[in-house]
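Below is one structure, written out as structure tokens, with a few remarks after it.
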Amino acid sequence: MNFLSLFVLIPLLMLFGLWLAKEQKGIRTVMVVGSSALLALAIALTLKFISDRSGGATAEMLYTASFVWFEPLHISYSVGVDGISVAMLLLSGVIVFTGTFVSWDMCKEYFLWFTLLSMGVFGFFISVDMFMMFMFYEIALIPMYLLIGVWGSGHKEYSAMKLTLMLMGASAFLMLGIFGIFYGAGGQTMNVVDIANHTGGAHIIDFSKQCIWFPFTFIGFGVLGAMFPFHTWSPDGHASAPTAVSMLHAGVLMKLGGYGCFRIAIYLLPEAANELSWIFLILTATGVVYGALSACVQTDLKYLNAYSSVSHCGMVLFAILMLTTTASTGAILQMLSHGLMTALFFAIIGMIYHRAHTRDIRQLNGLMRIVPFLSVGFAIAGLANLGLPGLSGFVAEMTIFVGSFENADTFHRILTIMATTSIVVAAVYILRMIGKILYGVNQNPEHAKIHDAHWEERFAVICLICCIAGIGMAPGWLSELISHSVAPVIDNVKTVGHLISQSNPFM
Amino acid sequence: MEYTILILLLPFLSFLFLGLAGKWLSHRTSGLIGTTVLAAITILSYCTAYTYFTADRCADGSYATLVPYNATWLPLGHLNFDLGILLDPISVMMLIVITTVSFMVHIYSFGYMKGERGFQRYYAFLSLFTMSMLGLVVATNIFQMYLFWELVGVSSYLLIGFYYTLPAAVAASKKAFIVTRFADLGFLIGILIFGYYTGSFSFDFVNNLQMAEGTTPFIPCGIDKAIAAGGFILPTALTLMFIGGAGKSAMFPLHIWLPDAMEGPTPVSALIHAATMVVAGVYQVARLFPLWVTYAQDWMPIIIWVGVFTAFYAASVACAQSDIKRVLAFSTISQIAFMMVALGVCTEITTGHEHAGSIGYMASMFHLFTHAMFKACLFLGAGCIIHAVHSNEMVAMGGLRKYLPITHATFLISCLAISGIPFFSGFSSKDEIITACMAYSPAVGYIMTAIAAMTAFYMFRLYYGIFWGTENKELHTEHTPHEETIMTAPLVILSIITVGVGIYTTLAGFGLFEGYSFGSLISADGQDYRIHFDPSVASLSTIIAICSIALATYIFKGETQPVADRMYNAAPRLHRWAYKRFYMDEVYQFITHRIIFAYVSRPIAWFDRHVIDGFFNFLAWGTHTLSNNIKGFQSGRVQQYALVFLIGILVLILMIL
Amino acid sequence: MAQTIIFLILAAIILGCGIMAVTTKRIMRAATYLMFVLFGTAGLYFLMGYTFLGSVQVMVYAGGVVVLYIFALMLTGRQDKKNPTVSLAKKFAALVASLCGAGLFLFAIITHQFAENILTPPSEQTTPVSLLGEQLLSSDKFGYLLPFEIVSILLLACIVGSLIIARKH
Amino acid sequence: MDRLNDILNIVLGIHVDISWFLILSALMMFIGIYGFLTRRNTLAILISVELMLNAADINFAAFNRLLFPNGQEGYIFTLFSIAISAAETAIAIAVMINIYRNLKNNFVGNLDKLKW
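Protein chains in written order, with the numbering used here: chain A, 1 to 507; chain B, 1 to 657; chain C, 1 to 169; chain D, 1 to 116.
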């Protein structure tokens with residue numbers, strides 16, 4: 001048994017443990033032990049991966065293992081990681097760990113779904129079989145419905161339904177795309193690496209077929225990555241979700257979209273990616289600016305952050321579509337950075353909401369004096385969001401912009417410049433929010449009585465801040481780790497697309 | 001030179017320590033920690049400067065550019081994002097300026113911020129700012145400069161918003177950050193263009209750096225590659241970067257944040273918004289100057305005319321302001337514009353007395369240096385005044401010379417310096433700027449001379465308004481204004497520097513003795529360049545300055561000010577426009593709130609909620625309605641089912657037959 | 001020849017009474033017509049020489065089932081609502097569907113070439129009851145013991161079931 | 001008389017074969033179906049069902065008698081069918097009586113709760 005399977009096994013054990021656990025104390029113990037184990041495993045994996053890479057392990061995927069699961073369709077339980085998945089696993093480990101502390105007072109059933117969701121996420125990142133990826137994707141998706149629908153707030157049923165339906169619709173697209181790729185490559189293997197390298201019975205997918213299936217897979221994953229105009233589930237979903245679920249959702253689940261776009265759509269359909277990227281580039285660049293601008297006038301903190309997520313996640317897909325190694329590295333960094341900072345943001349918004357019973361920017365005031373810890377955390381999250389150097393957002397955005405600029409034609413240039421404007425707009429909405437809710441003097445006597453964070457909340461917030469600052473201050477190793485794994489994918493695209501296609505009317 | 005890294009590390013550690021542990025420290029301890037650290041880095045900077053300038057010059061007569069540290073922080077494809085330390089004459093000079101002023105401000109803040117809530121936070125932010133500013137000036141590459149540039153911006157934001165319970169301070173901090181952010185967008189795009197075409201971000205334009213052992217080598221800057229790709233590329237990149245610089249240095253029309261930034265504590269205004277951060281734009285242009293002058297000389301008039309207009313605009317607004325910090329803010333804008341103009345008119349890089357075209361660079365840096373000192377002194381003096389009378393308005397002051405003698409003296413010295421009176425430091429530097437302008441074009445020269453006259457006028461208007469005129473008795477009844485030693489000591493030090501530099505350079509400039517002067521250390525090509533005043537320019541500007549001061553004395557010195565009132569009555573609208581800063585803020589307000597928010601953001605948000613989301617809700621509604629309609633088939637009536645069943649069977653049979 | 005005449009008479013009775021049974025307004029009459037149809041069917045069995053079957057038909061159906069109907073009708077006799085009239089359109093649709101179906105079936109039957117087997121007069125060999133009894137209770141290859149038992153269990157279950165369903169709560 | 005004899009010979013000389021039974025049962029079947037579709041009283045519907053069942057029984061018997069005279073399958077099936085229809089009737093009538101108790105009528109139109 002490959003040790004990567006522990007990422008799925010530990011959540012399973014946690015589920016079992018939760019089932020047995022009787023009281024709140026037992027549940028907490030199981031969750032803390034389990035999520036710490038996952039985090040420790042992720043860290044250990046990262047260290048091992050780095051040392052193995054520097055030790056000369058050059059295979060595209062390390063620690064691979066494969067067990068045939070369903071012979072007729074060539075589905076197998078295949079695991080393996082490269083730098084990107086290692087980074088994502090690390091992110092998921094951190095978010096699940098902190099999410100546990102944020103949802104300290106929740107009940108057993110909540111944690112059951114929460115753990116199942118984590119299992120889906122971890123499973124997705126360790127899989128290299130398209131079908132397994134799809135399956136874990138669905139496993140991660142379904143608990144979301146219950147978590148929002150049962151433990152959410154506001155229009156929770158509506159939001160949960162909307163989120164689930166839109167994502168399910170996307171997975172219908174995705175499934176078509178996956179089977180299109182499977183049969184297009186000869187119907188012999190579901191293994192991503194095999195299909196990409198034309199080994200294991202896979203052959204090159206016809207160009208015309210690629211062009212059919214690329215939109216399916218890209219939109220399928222793009223919806224989860226909040227691609228404009230399929231992003232509307234995100235504001236409602238985030239606004240209604242309980243705190244830790246927002247964290248997990250924005251922090252990790254949305255990353256499944258970007259990861260999937262990169263790992264399946266770009267990697268397996270390189271020619272189509274070259275051919276059709278312009279359509280999606282326009283959409284994502286629009287989404288980047290659009291999300292930022294609509295965040296400017298939101299009055300609900302969670303909506304604001306959700307729109308800012310639309311903008312930042314749009315940046316991820318935008319960077320992926322730029323099809324350069326640097327930009328794609330930036331995209332992965334942005335996923336990490338966005339995952340951490342949005343998680344922090346949602347965590348703190350949730351804590352404020354829990355205390356003040358409102359998320360309306362107009363009703364909150366002068367929190368800095370009342371809840372200094374939360375306010376400082378909030379300000380740090382905000383500053384990371386607007387790309388302050390020393391925090392993670394800056395690193396990711398700069399990598400993306402430099403990478404996007406490697407495309408020398410006017411079309412890409414214009415879109416890049418469009419995307420850069422979002423950092424100004426980000427400053428506008430973040431500072432507006434900080435100025436309104438943290439600064440000033442509190443007017444509401446109800447709010448004057450609220451207390452600052454508990455120890456477990458402080459712990460979660462500090463963990464996230466440390467990660468954000470860690471990436472922001474020492475991004476080199478992470479960037480190295482990622483770019484080595486991104487390079488083969490992009491090289492694949494570059495070799496087949498010797499020149500960017502003539503069909504683009506803008507070039 | 002290995003210890004230079006400490007110059008960056010110490011304030012950073014101090015920031016972290018004070019920021020994290022400040023809650024448990026007393027005001028005194030945290031202040032002492034901050035100040036001690038700053039004293040240490042000030043000493044280190046002076047050591048660095050001493051070592052650097054006393055070292056031997058290179059073969060070509062310039063000081064070597066040292067890179068004691070450089071390491072790749074973030075690899076970006078073919079490019080590298082390095083962090084390191086680069087020492088050349090201007091960065092060493094900036095180290096001195098920043099650490100000196102910052103040190104003075106640290107000491108001063110002991111008195112000024114005494115008992116304020118958030119004292120520890122204040123010192124933490126000061127440390128952060130100092131670190132970022134130092135990192136900016138010692139940047140080895142343009143991207144490092146951008147990184148610290150942003151950090152400087154955010155520390156400025158935090159410090160302006162220090163009194164975060166006051167709405168005005170919050171609005172001002174927001175405005176400062178957003179306006180400079182907007183300008184930085186230009187900077188960023190410029191960097192991206194520059195980096196893409198030259199293949200490097202480094203400042204290594206001519207490849208004559210002395211790298212220390214163990215540092216990562218730069219990717220050489222391929223200027224020729226950029227030239228080959230198109231002649232307009234470098235100028236475009238430089239102009240875009242200049243937009244960033246203009247934003248930080250408050251050039252028109254991006255100046256609007258600076259007057260509002262005066263909502264921050266006064267020592268902060270002295271440090272950030274007078275002496276150091278706002279000159280970052282000038283420093284950036286100076287840093288890229290070799291490129292400007294070689295590859296983008298045709299585009300340099302942009303710098304000149306932006307500078308000239310800003311100088312004039314700010315000076316005219318300063319004449320009508322009543323808030324003393326606002327006056328100083330506009331005077332800062334005007335003076336920085338002087339530095340910009342000086343850089344713009346520098347058309348040659350070769351020095352030597354016959355090449356007057358190269359004075360500008362040196363003059364600009366010199367003015368940066370002198371201005372930092374006397375403007376910090378002015379601001380700190382204003383701080384003393386505000387501390388004493390608890391108001392920013394000139395109306396509340398008057399006749400303070402009796403109560404604040406030291407402040408009065410230092411303020412006067414600084415006013416004389418900024419007005420360009422001989423034997424004060426401002427004279428030498430401003431005179432060089434005007435000489436450079438004259439050499440470029442007499443028109444610019446005369447305009448700048450006129451603006452210098454306006455400077456003298458509004459500074460003395462301020463001076464008389466504060467220290468002379470009618471005493472505001474009812475304000476003084478509760479407590480007599482007084483000054484504290486800890487606050488006046490920095491003033492004295494700064495004015496000593498002002499006077500000392502002034503006397504030395506004036507004497508040297510008139511050729512009264514042969515010594516090193518500022519130009520020996522810093523000049524466009526690094527050669528030893530002795531300053532010699534052009535007698536005509538020097539006398540003209542001195543006379544004009546004295547006349548302005550006399551005019552200001554005539555108008556504003558008395559207890560009553562009939563002339564001023566008459567002037568005001570003669571052109572009330574002009575005064576009102578100038579007082580309202582020619583409504584620039586309102587224009588911005590209109591654009592952002594009325595146009596961008598109301599006509600872009602709100603419609604987009606509406607569009608999102610109603611059109612895009614509406615589409616998906618419509619899909620859901622459509623599905624719902626459809627199923628509602630077809631659920632009629634499931635009527636529960638057995639006979640209906642049977643009929644449908646029968647028809648189905650018949651059709652099937654028909655198909656089989 | 002006599003068989004033909006008898007068949008035609010029986011067919012006329014069956015169809016005529018059948019039509020009456022489904023069209024008459026009064027439910028009691030419908031039950032009576034049904035009884036005639038059942039008798040007609042029994043007649044057909046006799047015509048074919050399946051005398052035992054015919055008697056079973058008469059006993060079980062005409063004797064048992066129809067009596068059950070009549071009891072049920074009497075028990076549910078007072079309907080508190082008027083018998084809702086069926087809309088003409090529905091009737092028409094049902095008629096058309098039935099006629100089409102019948103046409104289709106008749107077409108299939110007439111066009112199909114069946115083996116030339118005409119109905120011969122029944123003889124002693126035509127399915128003696130003893131043979132039937134043996135076959136029903138044998139467990140050999142063509143034995144029907146299992147279905148027989150199952151049917152008996154079914155009947156038992158029905159008895160129990162109908163008791164339970166119909167009992168008063 | 002001769003002409004009448006001829007006609008009788010022509011008409012009655014036709015022997016009954018399998019298709020006669022099939023046609024009869026088909027007609028009976030569709031009469032039953034028509035009744036099933038148009039009657040509103042559940043008992044009347046049940047009567048129609050009996051018609052259809054009888055039509056099927058006739059087929060069983062006729063197939064056995066005319067096509068496979070050596071076997072007893074059709075015969076026995078008819079027996080079973082009668083037994084089952086008796087059982088069905090018993091249950092159905094029990095159900096109807098129950099319905100009647102609850103609704104005070106027996107109209108099929110009222111029984112549409114089993115939907116959606």
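Note that the Cβ used here is the ideal one computed from N, Cα and C, for glycine as well.
Please read all numbers here as calculations on a predicted model, not as lab measurements.
Query, Result
"May I ask which residues mark the beginning and end of the beta strand (DSSP E) holding residue 68 (chain A)?", "62-70"
"Give the DSSP bridge partners of residue 75 (chain B), in chain order.", "B:80"
"Assign residue 47 (chain A) to buried or exposed, taking buried as 16 or more other Cβ atoms, counted over all protein chains shown, within 10 Å of its Cβ.", "exposed"
"Smallest Cα separation from residue 99 (chain C): which of D:41, D:5, D:32?", "D:32"
"Taking C-beta to C-beta, are residue 305 (chain A) and residue 249 (chain A) nearer than 8 Å?", "no"
"Is it a yes or a no for the region 359-375 of chain A touching the region 276-296 of chain A, going by three-plus beta-carbon pairs under 8 Å?", "no"
"Between residue 2 (chain A) and the rest of its own chain, which residues show a CB-CB distance below 7 Å, the 5 nearest in sequence each way excluded?", "63, 65, 79"
"If the cut-off is 8 Å on Cβ atoms, which residues from the region 277-306 of chain A count as contacting chain B, listed in chain order?", "290, 293, 294, 296, 297, 298"
"Is DSSP giving residue 470 (chain B) helix, strand or coil here?", "coil"
"Going by C-alpha to C-alpha distance, which of A:122, A:298, A:158, A:156 sits closest to residue 597 (chain B)?", "A:298"
"Grouping DSSP H, G and I as helix and E and B as strand, with all else coil, what is residue 65 (chain B)?", "strand"
"With a cut-off of 8 Å, do at least 3 Cβ pairs link the region 42-51 of chain B to the region 201-210 of chain B?", "no"
"With a threshold of 8 Å on Cβ separation, who are the neighbours of residue 401 (chain B) within its own chain once the five nearest residues in sequence on each side are excluded?", "408, 467, 468"
"Restricting to runs no shorter than 4 residues, where is the alpha helix (DSSP H) found entirely within the region 187-250 of chain A?", "192-197, 207-224, 233-240, 243-248"
"Quick one: list the residues of chain D neighbouring residue 601 (chain B), beta-carbon separation under 7 Å, in chain order.", "Within 7 Å Cβ-Cβ: nothing; residue 601 (chain B) doesn't reach chain D, min ~45 Å."
"Taking residue 113 (chain D) and residue 622 (chain B) to be in contact with their CB atoms under 8 Å, please state how far apart those CB atoms are, rounded to whole angstroms.", "With 8 Å as the limit, residue 113 (chain D) and residue 622 (chain B) do not qualify as a contact, their Cβ atoms being about 28 Å apart."
"Between B:461, B:106, B:139, which has its C-alpha nearest residue 92 (chain B)'s C-alpha?", "B:139"
"Is any beta-carbon of chain B found at less than 8 Å from that of residue 104 (chain C)?", "yes"
"What did DSSP end up calling residue 658 (chain B) once you bin it into helix, strand or coil?", "Here chain B covers residues 1 to 657 and nothing more, so residue 658 (chain B) does not appear."
"Could you compute how far the alpha carbon of residue 281 (chain B) sits from the alpha carbon of residue 247 (chain B)?", "7 Å"
"Taking 8 Å as the cut-off, decide whether the C-beta atoms of residue 108 (chain D) and residue 3 (chain D) are in contact.", "no"
"Does DSSP classify residue 4 (chain D) as helix, strand or coil?", "helix"
"With H, G and I counted as helix, E and B as strand and the rest as coil, what does DSSP make of residue 139 (chain C)?", "coil"
"Could you compute how far the alpha carbon of residue 308 (chain B) sits from the alpha carbon of residue 328 (chain B)?", "18 Å"
"Please confirm whether residue 19 (chain C) has its beta-carbon closer than 8 Å to some beta-carbon of chain D.", "yes"
"Can you give me the C-alpha to C-alpha distance between residue 303 (chain A) and residue 230 (chain A), rounded to a whole angstrom?", "16 Å"
"Go ahead and pull the three-state DSSP assignment for residue 393 (chain B).", "strand"
"Quick check on residue 118 (chain C): does DSSP put it in helix, strand or coil?", "strand"
"Which full runs of the beta strand (DSSP E) of 3+ residues lie inside the region 149-215 of chain B, going along the chain?", "209-211"
"Which residue or residues does DSSP assign as beta-bridge partners of residue 87 (chain B)?", "B:66"
"Please confirm if the region 428-448 of chain A is in contact with the region 227-235 of chain B, defined as three or more CB-CB distances below 8 Å between the two stretches.", "no"
"Could you give the first and the last residue of the continuous beta strand (DSSP E) run that contains residue 76 (chain A)?", "75-81"
"For residue 392 (chain B), count neighbouring Cβ atoms within 10 angstroms of its own Cβ and tell me buried if that reaches 16, exposed if not.", "buried"
"Check whether the Cβ of residue 653 (chain B) lies closer than 8 Å to any Cβ atom in chain C.", "yes"
"Rounded to a whole number of angstroms, what is the C-alpha to C-alpha distance between residue 54 (chain D) and residue 140 (chain C)?", "29 Å"
"Given that residue 648 (chain B) touches chain D, what residues does it touch there, using C-beta distances under 9 Å?", "Ordered by position in chain D, no residue passes the 9 Å Cβ test against residue 648 (chain B), which lies about 13 Å from the chain."
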